[in-house]
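Have a look at the structure below before the remarks.
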Amino acid sequence: SLYTLKHRYGDAILPMVEVVDTKKEVMEGNTGAISRRLYEAVNETLESGHQAILLLNRRGHNTYISCPNCGSVAICPNCSVSLTYHSANHRLMCHYCGYSVPVNDKCSECGCENVRFSGVGTQKAQQELEALFPNAKILRLDADSTITRDSYATYLNDFAEGKYDILLGTQMVAKGLDFPNVTLVGVLGADHAAYSEDFRSFERTFSLLTQVIGRAGRGGYPGTAIIQTTDPHSNLISLAERQDYDGFYEEEILQRRLMIYPPYCDICVITARSENQAVAETAIKTVFEEIKRLITDKYSSVKLIILGPCAASIVKVNNRYRYRMIIKCKNNSEFRAMLRQAVSVKLSGDAAITVDINP
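The opening position of the sequence shown corresponds to residue 948 in our numbering, with each subsequent residue numbered one higher.
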């Protein structure tokens, strides 16, 4: 059965939503995380004695540092990702394996002393807010500020009691919070999550946006939500702006059907891991060849669409290389029997195979 909630609790109405084009902001000289419209709205909110929630789903200060001379980026030695600068301890950190190193203002490749700090995380956004609103009390909620036990609940209780004016955080501030005095919600960079490799990225972004928009205007005051995006004409943004669940479903389910993604199939991800890149690549290709052999012989009735094998988007994590293939299938007993036989094939070296159904 489908049950729909068509009205907010009590007399509350959905907030008015505005969309800000961040490309236009940059063209007009504003390179900060806070658009001029959002600055005005926060200022009005503070003057009226109300509170604001701002969402930025990237922790840290800068998301990467690069050299303008040779173009190199500070990379984690254990993972194929850039290191994130954290201003609290003045260190570069990897959000995958935990590697950490003090910041060196010189490029490790060419010695250039003018390395560029790029990208915006919650720490940098907090500094910008503190400069723009020096009299406001700002609370940052992310994985770095809520390490200690019970700190998350304590901070939220303080915000509910009015000890803070602005709550800035990652997706943990988007869901399930009920603060009647919050009349403004701002989304800094609504596009970050929408273009990941996961076929559910649009669904997750729509869910995140609709939920965080719903944090405003829950009491007796009208609410406003401001979405900052590089693509203000995106249909995804428009659907979230209107809180149009039916419209989003109809569009997304058509895409899933055309591309053959769940619920029109099951997804099986097979991953080979090894400390040796060649061993990992050989292992996934060996499993792939075994699957091809099985479905042309004993399991000819099993129908598959296989994407890959290829390197994972982040090929190395914690000093182990990862190669994989994605199989669109029907997860029945025959497929599972074929899969068990395929992944039990003899592999060389330290290669390990993992299977994840509908990850």
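Glycine included, C-beta positions come from ideal geometry on N, C-alpha and C.
Treat the numbers as computed from the prediction; the structure is a model and nothing was measured.
- Each residue's CA atom was taken as its position, placing residue 1039 and residue 971 some 31 Å apart.
- Residue 1194 and residue 1046 have their C-alpha atoms some 43 Å from each other.
- Note that the C-beta distance between residue 993 and residue 1115 is not below 8 Å.
- The C-beta distance from residue 984 to residue 1173 rounds to 6 Å, short enough to fall under 8 Å.
- In the three-state DSSP reduction, residue 979 falls in the coil class, being neither helix nor strand.
- Under DSSP, the beta-bridge partners assigned to residue 1040 are 1031, 1047.
- The straight-line gap separating the alpha-carbon atoms of residue 1258 and residue 1210 is approximately 26 Å.
- Cβ neighbours of residue 1302 within its own chain (closer than 7 Å, five residues either side excluded): 1215, 1217, 1286, 1290.
- Between the stretch 1182-1201 and the stretch 1135-1149, the count of Cβ pairs shorter than 8 Å is three or higher; the stretches touch.
- Looking only at 1288, 1212, 1092, the smallest Cα-Cα distance to residue 1274 is reached by 1212.
- Under the three-state reduction of DSSP output, residue 1064 falls in the strand class.
- For the 8 Å CB-CB criterion, residue 1100 and residue 1070 do not form a contact.
- Minimum Cα-Cα distance from residue 1249 among the listed residues 1260, 1281, 1255 corresponds to 1281.
- Annotated three-state conformation of residue 1176 is strand, per DSSP.
- In the three-state DSSP reduction, residue 1275 falls in the strand class (E or B).
- About 39 Å separates the beta carbons of residue 1059 and residue 990, which is beyond the 8 Å limit, so they are not a contact pair.
- Counting every other CB atom within 10 Å of its CB across the protein chains shown gives residue 1272 a total of 16 or more, marking it as buried.
- By the Cβ criterion, the stretch 1014-1028 is not in contact with the stretch 1066-1083, since fewer than three pairs of Cβ atoms, one from each stretch, lie closer than 8 Å.
- Contact between residue 1168 and residue 1130 holds: CB atoms are separated by about 5 Å, below the 8 Å threshold.
- As a beta-bridge residue in DSSP terms, residue 1215 pairs with 1274, 1304.
- Counting only the Cα atoms, residue 1245 lies some 46 Å from residue 1182.
- For residue 1242, the CB contacts under 6 Å within the same chain, skipping 5 residues up- and downstream, are 1249 in chain order.
- With respect to the 8 Å criterion, residue 998 and residue 1112 are classified as neighbours on the basis of their beta carbons.
- The residue from 960, 1206, 1260, 1177 with its alpha-carbon nearest to that of residue 1144 is 1260.
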